[in-house]
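Colleague: So the protein sequences, as listed, match chains A and B. Take the first sequence: its position 53, counting from 1, is numbered 53 in this note's numbering, and each next residue is one higher. Counting the second sequence from 1 gives a position; this note's numbering is that position plus 168. Glycine included, each C-beta is placed from N, C-alpha and C at the ideal position. From a predicted model like this one, the values you see are computed outputs, not experimental measurements. Sending over a structure as structure tokens; questions will come in a sec.
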Amino acid sequence: MVLAAPLLPGATGGPVLVAGIGEMVITRDPATLLVAYGLGSCVALCLWDPQSKVAALAHFMLPSGPLNSPPVKFVDSGLPTFLTEFRRAGGQPRRSEIKAAGGAAMLAVVATTMEIGKHNGEALQAALGQHGLRLHKQDLGGKAGRTVQLEPATGRLLIKSVSSVSVL
Amino acid sequence: MHAPAITPAAEYALERTFERAMAAAGRALAEMSGQEIQIVATEVTRTTSRHIIESAGGAETLVVGVYLGITGSLTGHAMLVLQPSGARRLAAMLLDGFAVPTPVSPDSLEFDEMEISALQEVGNVTIGAFLNEVARHMLEPVHPTVPIAIADMAGAILDGVLADLTMDSDELLAAHTSFINDGDTIEGAVLVMPQRASLQALTAALGAA
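Have a look at this one:
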């Protein structure tokens, strides 16, 4: 069964830009929704500039690694690229709302994978700090998958899991 | 960038290995349940982390995954992936006469303990059969870890496992698998995700490096 996209409350039926693993999406169009589906240990970072209305979403997979293709696979090397692209689109990170979701431990008993989600969240906060930025709101950790949807018109971040929908 | 570890010859050898393993797993499940159960590996493909989530129906598709780690002379991850309705029918097939089915929608992600236990056993038998077949060629033990069944979005279930592999390899094996019982066919996929060195050792052992 595929959950229709976008399923979340507030969906307008307008265009949807999807960030796959290691990808980022940016828009100035208030009708375009930015979505990352099925986050487990991956982390979605969302920036929304209330002045320029530029919205951006990055779908990070791992805490650290070389700058590579896809561009935001790794938090440490991908964040500068993400911020650069956000500025190029007209957004200012320092006046933006910064939110993150994901970083779950889906297979909590599997030693090699249990810490990836936690480390992703920690790496994200550390990397933002290096740029003089911080998370304003977050929904990180837990043991459930998440789909996130950023609304450029309002900056609302809707988060859906199998059992609930919440708003940041 | 690594060269692909899975050559066409290796892919052919892996197909035959999956076929033998699933036939053996079907016999084991039939003996266990007292029912006529056949498991057929209909197609074995080499794929990448990006495509494996797409082939599961997309990152937000709700699935049941039975995860087992691979240890011993090979290391990596393996997972049996089923649609929720198929997982429920498969569990009912194995539990026939031993448990009262929970009255829920076929697509519900709520599974009781008996159903979870049955699905974990299916994962154990199918993936264990593949690893046994591989170990026969490698002449060294290959062990599955204790199975874990989880129901959630496909992307969420798989991304942690893929993240563990991604620095090392981006080649996976996917066997489309059919569980056939009394006219009912339940489609699933057996995913084998070895570390790169293990994938090379595996194909070498199968005589297809």
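I'd like the list of long-range same chain contacts for Met1 of chain A, defined as Cβ closer than 6 Å, with 5 residues on each side in sequence excluded.
Modeller: In this prediction, Met1 of chain A scores a pLDDT of 32, lower than 50, which makes its location untrustworthy; the coordinate-derived value is nonetheless stated afterwards. Excluding residues within five positions, none has a Cβ falling inside 6 Å.
Colleague: I'd like the span of the alpha helix (DSSP H) that includes Ala369 of chain B, first residue to last.
Modeller: Arg364 to Ala373 is the span of the alpha helix (DSSP H), which, as asked, contains Ala369 of chain B.
Colleague: Quick one: what's got a C-beta closer than 7 Å to Gly142 of chain A's C-beta in the same chain, skipping five residues either side?
Modeller: Hits under 7 Å: Ala104.
Colleague: Name, please, each residue of chain B whose Cβ falls closer than 9 Å to the Cβ of Cys42 of chain A.
Modeller: What Cys42 of chain A touches in chain B: Gly323, Ala324, Asp327, Gly328 and Ala331.
Colleague: Would you say Gly103 of chain A faces chain B, with C-beta separation under 7 Å as the test?
Modeller: Cβ-Cβ to chain B under 7 Å: no for Gly103 of chain A.
Colleague: With DSSP run on the structure shown, which of helix, strand or coil describes His344 of chain B?
Modeller: If DSSP states are grouped into helix, strand and coil, His344 of chain B belongs with the strands.
Colleague: Classify Pro15 of chain A as helix, strand or coil using the three-state DSSP reduction.
Modeller: Coil.
Colleague: Counting only beta-carbon atoms, is Tyr180 of chain B nearer than 7 Å to chain A?
Modeller: Answer no: the Cβ-Cβ gap between Tyr180 of chain B and chain A never drops below 7 Å.
Colleague: Are the C-beta of Glu380 of chain B and some C-beta of chain A separated by less than 7 Å?
Modeller: Past the edges of chain B, shown from 169 to 377, lies residue 380 of chain B, and the structure says nothing about it.
Colleague: Since Ala144 of chain A meets chain B, which of its residues come closer than 7 Å, beta carbon to beta carbon?
Modeller: Within 7 Å Cβ-Cβ: Asp320.
Colleague: Is Leu277 of chain B close to chain E, meaning its C-beta is less than 7 Å from at least one C-beta of that chain?
Modeller: In summary, chain E is missing from the structure at hand, where the protein chains are A and B.
Colleague: Who are Gly240 of chain B's beta bridge partners in DSSP?
Modeller: In DSSP, Gly240 of chain B forms a bridge with B:Val310.
Colleague: Just to confirm the assignment, what range does the beta strand (DSSP E) spanning Val167 of chain A have?
Modeller: It spans Val165 to Val167 - the beta strand (DSSP E) in which Val167 of chain A sits, taken as one unbroken run.
Colleague: Using a Cβ-Cβ cut-off of 7 Å (strictly less than) and excluding sequence neighbours within five positions of Val232 of chain B, which residues of its own chain qualify?
Modeller: Within the same chain, Val232 of chain B has close Cβ partners Leu250, Pro252, Ala255, Leu287, Ala317 and Ala319.
Colleague: In the DSSP output, what is Phe60 of chain A paired with across the bridge?
Modeller: According to DSSP, which records beta bridges pairwise, Phe60 of chain A is partnered with A:Val43.
Colleague: With DSSP collapsed to three states, give me the class of Ala31 of chain A.
Modeller: It is coil, neither helix nor strand.
Colleague: Phe74 of chain A by DSSP, collapsed to three states: which one?
Modeller: It is a strand residue.
Colleague: Just confirm the distance between the C-beta atoms of Val302 of chain B and Val310 of chain B, as a whole number of angstroms; I'd bet it's less than 8 Å.
Modeller: So it is a contact: roughly 6 Å between Cβ atoms.
Colleague: Taking 7 Å as the CB-CB limit, is Ala357 of chain B close to chain A?
Modeller: No, no contact with chain A.
Colleague: Can you have a look at Val54 of chain A and say buried or exposed, based on whether 16 or more other CB atoms are within 10 angstroms of its CB?
Modeller: Val54 of chain A should be labelled buried.
Colleague: CA-CA distance, Gly102 of chain A and Val43 of chain A?
Modeller: About 4 Å.
Colleague: With the cut-off set at 7 Å, would you say Gly328 of chain B and Met61 of chain A are in Cβ contact?
Modeller: In this structure, Met61 of chain A does not lie closer than 7 Å to Gly328 of chain B by Cβ.
Colleague: Please decide whether Thr147 of chain A counts as near chain B, where near means a Cβ-Cβ distance under 7 Å.
Modeller: So yes, Thr147 of chain A belongs to the interface.
Colleague: Can you give the Cα-Cα distance for Ile116 of chain A and Glu211 of chain B, rounded to whole angstroms?
Modeller: So the alpha carbons of these two residues sit roughly 32 Å apart.
Colleague: Please name the residue in A:Leu39, A:Leu168, A:Ser52 and A:Gly78 whose C-alpha comes closest to that of Leu189 of chain A.
Modeller: Outside the shown range of chain A (1 to 168) lies residue 189 of chain A, about which nothing can therefore be said.
Colleague: Please classify Leu3 of chain A: does DSSP put it in a helix, a strand, or coil?
Modeller: Reliability of the predicted coordinates at Leu3 of chain A is poor, the pLDDT of 35 falling under 50, and no value is obtained from them.
Colleague: Hey, Ile26 of chain A and Ala89 of chain A are a contact pair by Cβ (cut 8 Å); roughly how many whole angstroms apart?
Modeller: The Cβ separation is near 5 Å, so the contact holds.
Colleague: Within the same chain, show all residues whose beta-carbon is closer than 6 Å to that of Tyr235 of chain B, passing over the 5 residues directly before and after it, in chain order.
Modeller: Within the same chain, Tyr235 of chain B has close Cβ partners Met247 and Ile316.
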